[in-house]
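Chains as they are written, first to last, in this note's numbering: chain A, 2 to 423; chain B, 47 to 171.
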Amino acid sequence: MRRRACDVLVIGSGPAGLAAAAQARRSGAGCVLVVERNPEPGGILPQCIHNGFGVRTLGADLSGPEYAARWAAEARAAGAEIALDTMVLAVEAGPAATVVSRRGVERIEAGAIVLAMGCRERPRGALAIPGSRPAGVYTAGTAQRLVNVEGYMPGHRFAILGSGDIGMIMARRLTLEGAEVVGMFEILPYISGLRRNLVQCVRDFDIPLHLCTTVTGVVGRDRVEAVITSGVDERWRPIPGAEQIWPCDALLLSVGLIPENELSRAAGVAIDPLTGGPVVDEGMATSVPGIFAAGNVVHVYDLVDDVTESALRAGRFAAEHAARGADGAGPSVRVAPGENVHHVVPQRVHPRRLAAEEVPLQFRVRAPVEHAVRVEVRVGGRTIVSHRERYVRPSEMVTVVLRPEHAARLAERESLEVCVIA
Amino acid sequence: MPSTREFICVTCPVGCAISALVEGSELIEVHGHTCRRGIEFVREEISAPRRTLTTTVRVSGGALPLVPVRSSAPLPKGRVLEIAAFLRTVVLTAPVEARQVVVADVLGTGVDIVTTRALARAEAG
């Protein structure tokens with residue numbers, strides 16, 4: 002088996018991988034290698050042809066391909082190498098990775114690895130939608146790939162289950178390509194994507210949105226002929242008599258994204274069951290020394306700008322680890338989700354590092370509150386940070402910042418808690 | 047008679063919920079925006095709403111069958127479907143450059159349609 006070594010190995014060349022690689026080089030790493038299974042860099046961005054990328058980090062309103070090109074250029078200009086058509090087979094403590102490409106199988110030993118594999122869509126099988134297995138059932142992202150990259154229309158008349166951003170984006174995309182979207186069905190009483198998409202993708206095109214409704218069956222033997230929907234109660238149980246049948250030839254599913262951590266689990270990286278991603282600290286370090294993680298592989302972000310920022314952080318700390326090894330940052334404190342908080346990233350904070358640099362904590366709430374709330378960080382029952390948010394929604398990640406002056410409050414503590422008080 | 051209308055601004059991903067007192071296409075009062083662009087958005091929305099169009103255009107002889115494109119500026123909202131339908135009839139020839147003008151002044155709107163990536167010729171063989 003061929004062998005090579007590098008200082009920082011980045012797995013994935015999506016926005017997280019590219020930013021981590023660029024930053025690792027800027028932070029002094031000598032050899033930075035990005036491995037990408039696709040024939041071109043960008044991750045999911047090449048198929049995200051809509052705009053809205055880079056508003057915060059670049060002050061520009063770019064499409065996915067433009068954002069990908071910008072960051073691929075940054076990574077290359079910084080001196081990172083991007084190996085395309087290269088698939089990682091395994092990651093292990095060391096850290097090291099086994100990859101395969103046209104050159105054969107190679108083992109790469111690295112000073113540090115940054116996991117940037119992104120996420121996958123929740124498929125029909127995971128939803129257990131009854132019915133036959135006709136052609137025409139796709140996840141929204143698969144349909145996006147078919148329409149925007151491969152040049153196929155996956156149907157003429159679409160039903161969409163789920164009101165995630167990808168589903169709403171595709172509702173518009175398909176309409177622009179001459180298809181009909183008969184309806185969007187969302188099981189919750191509110192949309193799960195950004196409100197701007199409700200306006201510019203759904204309402205702009207008069208696509209009916211049915212909340213508190215789910216798909217209970219698919220009709221058709223060889224090809225989808227219709228979907229059956231039902232209104233549901235607050236416990237997601239179908240309401241008798243609230244059934245409707247919608248003739249269509251395709252069903253798109255936009256019902257959640259799941260961080261892709263097969264490689265991480267096999268490497269022994271501790272996974273947070275609340276996120277499906279690695280437990281990380283303020284430097285995006287996982288439980289395995291030398292293995293870091295950034296972007297949607299950690300938890301799913303709303304905006305690519307936030308992915309980029311998490312990756313810049315990971316790249317910086319990965320480069321430092323590659324150069325100096327584990328830095329003896331001392332004990333760490335667990336960050337726990339409190340009232341109305343679903344999960345928080347990072348899950349661990351080192352007070353010694355916080356004393357030198359602020360740490361943003363990012364979280365999602367469990368339930369929306371459409372009026373002002375207080376976001377609080379508590380240690381030992383005492384509030385150390387508090388700020389007001391005009392409203393909170395599960396679909397919009399919230400940030401609360403820990404500052405260096407808070408480090409002293411965390412000394413000798415096991416955990417801190419993030420809460421949202423209505 | 048002035049009336050209150052509710053808007054969700056689409057200028058950036060925040061999507062501020064803006065409440066505006068409106069009379070016809072005149073903006074009297076506006077609340078809920080967190081930056082000046084929200085005011086501009088509502089002003090336009092009540093008089094001449096515009097939207098950025100992003101879509102794809104066919105390419106012959108390219109490494110991929112399509113190239114993504116965008117409007118160089120927001121287009122009149124009411125003409126977006128018509129312009130998208132027109133763009134389905136356009137075929138470019140590879141190689142294509144990033145930011146290449148596909149259609150200048152599309153359908154007389156004064157807005158160009160430009161590519162958002164480069165696309166090389168398909169490799170022979």
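Even for Gly, the Cβ is constructed at its ideal location relative to N, Cα and C.
On a Cα-Cα basis, can you pick out the residue from B:Ala109, B:Asp151, B:Cys58, B:Val88 that is closest to B:Leu121? Within the second sequence, numbered from 1, the residue matching residue 121 of chain B stands at position 75. Nearest option by C-alpha distance: B:Asp151.
In the DSSP assignment, find the unbroken alpha helix (DSSP H) run with A:Asp166 in it and report its ends. For the purposes of this step, residue 166 of chain A is taken as the residue at position 165 of the first sequence. It spans 166–177 - the alpha helix (DSSP H) in which A:Asp166 sits, taken as one unbroken run.
Next on the checklist: Against chain B, with Cβ distances strictly below 8 Å, would A:Val56 count as a contact?
Outcome noted: For the purposes of this step, residue 56 of chain A is taken as residue 55 along the first sequence, with counting starting at 1. Yes - at least one Cβ of chain B is within 8 Å of the one on A:Val56.
- Determine, using beta carbons only, whether A:Asn262 and A:Gly119 come nearer to each other than 8 Å. Here residue 262 of chain A refers to the residue found at position 261 of the first sequence. Here residue 119 of chain A refers to the residue found at position 118 of the first sequence. The Cβ atoms of A:Asn262 and A:Gly119 lie no closer than 8 Å to each other.
Q. Opposite B:Thr139 in the DSSP bridges: which residues?
A. On the second sequence, residue 139 of chain B is found 93 positions in, with the first residue counted as 1. B:Ser106, per the DSSP bridge assignment.
Fill in: Chain-ordered chain B contacts of A:Ala70 [CB-CB under 7 Å]
In the first sequence, the residue the question calls residue 70 of chain A occupies position 69. Residues of chain B passing the Cβ test: Ala144, Arg163.
Where A:Thr143 falls: helix, strand or coil (DSSP)
Your numbering for residue 143 of chain A matches position 142 in the first sequence. It is helical.
Secondary structure at A:Thr309, three-state DSSP: helix, strand or coil?
Sequence index remark: in the first sequence, residue 309 of chain A carries index 308 (1-based). A:Thr309 carries a helical assignment under DSSP once its states are collapsed to helix, strand and coil.
Any idea which residues DSSP pairs A:Glu390 with across the strands? Looking up residue 390 of chain A in the first sequence gives position 389. Answer by DSSP bridge pairing, in chain order: A:Val374.
Can you give me the Cβ contacts of A:Ala141 inside the same chain, cut-off strictly under 8 Å, excluding the 5 residues immediately before and after it?
Sequence index remark: in the first sequence, residue 141 of chain A carries index 140 (1-based). Around A:Ala141: Glu122, Ile161, Gly163, Gly165, Ile167, Gly168, Ile170, Met171, Leu253, Leu254, Ser255.
Take A:Pro42 and list the residues in its own chain whose beta-carbon comes closer than 6 Å to its own, dropping the five residues that flank it on each side.
To locate residue 42 of chain A, count along the first sequence from 1; it is residue 41. Counting only Cβ-Cβ distances below 6 Å, and skipping sequence neighbours, we find Ser14, Ala73, Ile83.
(Q) Against chain B, which members of the stretch 140–168 of chain A pass a CB distance test of less than 8 Å? (A) Taking 8 Å as the cut-off between beta carbons, the residues of the stretch 140–168 of chain A near chain B are Val148, Asn149, Val150, Glu151, Gly152, in sequence order.
Could you tell me if A:Arg5 is buried or exposed, where buried requires 16 or more neighbouring beta carbons within 10 angstroms of its beta carbon? Sequence index remark: in the first sequence, residue 5 of chain A carries index 4 (1-based). Looking at its Cβ environment, which holds fewer than 16 other Cβ atoms inside 10 Å, A:Arg5 is exposed.
**Asked** Is B:Ile92 helix, strand or coil when you go by DSSP?
**Response** Taking the first residue of the second sequence as 1, we reach residue 92 of chain B at position 46. Helix, per DSSP.
ask   = Using the C-alpha atoms, what's the distance from A:Gly80 back to A:Gln201?
value = In the first sequence, counting from the first residue as 1, residue 201 of chain A sits at position 200. In the first sequence, counting from the first residue as 1, residue 80 of chain A sits at position 79. If I take the Cα positions, the gap works out to 39 Å.
**Q.** Whole-angstrom C-beta distance between A:Thr58 and A:Glu310, which should lie under 8 Å
**A.** By 1-based counting over the first sequence, the position of residue 310 of chain A is 309. By 1-based counting over the first sequence, the position of residue 58 of chain A is 57. With a Cβ gap of about 7 Å, A:Glu310 and A:Thr58 count as contacting.
B:Ile54 at chain A interface by Cβ criterion, 8 Å:
By one-based count along the second sequence, residue 54 of chain B stands at place 8. It does; some Cβ of chain A falls within 8 Å.
Notebook entry, point to check: Any idea if B:His79 is buried or exposed, counting beta-carbon neighbours within 10 angstroms, 16 or more meaning buried?
Noted result: Translated into positions along the second sequence, residue 79 of chain B becomes position 33. It counts as buried.
Any C-beta of chain A under 8 Å from that of B:Cys81: Numbered from its first residue, the second sequence carries residue 81 of chain B at position 35. By this cut-off, B:Cys81 is not an interface position.
Using the beta-carbon of each residue, which ones in chain A are nearer than 9 Å to B:Arg97? Against the second sequence, residue 97 of chain B aligns to sequence position 51. Within 9 Å of the CB of B:Arg97, the CB atoms of chain A belong to Gln201, Asp205, in sequence order along the chain.
- Give the interface partners of A:Ser64 over in chain B, defined as CB-CB distance under 8 Å, in chain order. Within the first sequence, residue 64 of chain A is the residue found at index 63, counting from 1. Taking a Cβ-Cβ cut-off of 8 Å, the neighbours of A:Ser64 in chain B comprise Thr100, Pro114, Arg116, Thr162, given in sequence order.
**Message:** My output table needs one value for A:Gly218: the three-state DSSP class, helix, strand or coil.
**Reply:** As a first step, residue 218 of chain A must be located in the first sequence, where it is residue number 217. Strand, per DSSP.
_Strictly below 7 Å CB to CB, what residues from chain A border B:Gly61?_
Taking the first residue of the second sequence as position 1, residue 61 of chain B is located at position 15. For B:Gly61, the residues of chain A that pass the 7 Å Cβ criterion are Leu195, Arg196, Arg197, in the order they occur in the chain.
Q) Just the Cα atoms here: how many angstroms apart are B:Val103 and B:Val157? A) Position 57 of the second sequence, counted from the first residue, corresponds to residue 103 of chain B. Position 111 of the second sequence, counted from the first residue, corresponds to residue 157 of chain B. Between the alpha carbons of B:Val103 and B:Val157 lies a distance of about 16 Å.
At least 3 beta-carbon pairs within less than 8 Å: the stretch 302–319 of chain A vs the stretch 267–277 of chain A:
Contact between the stretch 302–319 of chain A and the stretch 267–277 of chain A is not established, with fewer than three Cβ pairs separated by less than 8 Å.
Heavy atom of the ligand ATP less than 7 Å from the Cβ of A:Arg335, yes or no? This structure does not include the ligand ATP; it has no bound ligands of any sort.
DSSP three-state label for A:Leu195, please.
Here residue 195 of chain A refers to the residue found at position 194 when the first sequence is read from its first residue. In the structure shown, the three-state DSSP call for A:Leu195 is coil.
inquiry  = I'd like to check one pair, B:Ile159 with B:Leu133: are the Cβ atoms closer than 8 Å?
reply    = Residue mapping note: residue 133 of chain B aligns to position 87 of the second sequence, counting from 1. Residue mapping note: residue 159 of chain B aligns to position 113 of the second sequence, counting from 1. Taking 8 Å as the Cβ cut-off, B:Leu133 and B:Ile159 qualify as a contacting pair.
Can you look up A:Pro361 in the DSSP assignment and give me helix, strand or coil? For this step, residue 361 of chain A is matched to residue 360 along the first sequence. A:Pro361 sits in a strand when the DSSP states are folded into three classes.
Practice prompt. Could you tell me which of A:Thr400, A:Glu415, A:Val386, A:Tyr392 sits nearest to A:His407, measuring between CA atoms?
Written response: The sequence position of residue 407 of chain A within the first sequence is 406, counting from 1. Closest by alpha carbon: A:Val386.
Review point. Does DSSP classify A:Glu415 as helix, strand or coil?
Key: Working through the first sequence from its first residue, we reach residue 415 of chain A at position 414. In this structure, A:Glu415 counts as coil in the three-state DSSP scheme.
Taking the beta strand (DSSP E) that A:Glu93 belongs to, which residues open and close that run? Here residue 93 of chain A is taken as the residue at index 92 of the first sequence, counted from 1. Unbroken beta strand (DSSP E) run through A:Glu93: 88–93.
Neighbouring residues, chain B, relative to A:Gly44 (Cβ below 7 Å):
By one-based count along the first sequence, residue 44 of chain A stands at place 43. Simply none; closest approach about 14 Å.
My output table needs one value for A:Trp425: the three-state DSSP class, helix, strand or coil. Within the shown structure, residues of chain A are numbered from 2 to 423, placing residue 425 of chain A beyond reach of any answer.
| said: For the pair the stretch 61–80 of chain B and the stretch 353–365 of chain A, tell me if three or more CB-CB distances fall below 8 Å. | reply: The answer is no - the stretch 353–365 of chain A does not touch the stretch 61–80 of chain B, with fewer than three Cβ pairs under 8 Å.
Discussion item. Just to make sure I have the definition right: I need the residues of chain A whose C-beta is within less than 8 Å of the C-beta of B:Ala131. Which are they?
Written reply: Residue 131 of chain B sits at position 85 when you count from the first residue of the second sequence. Those within 8 Å of B:Ala131 in chain A are Gly179.
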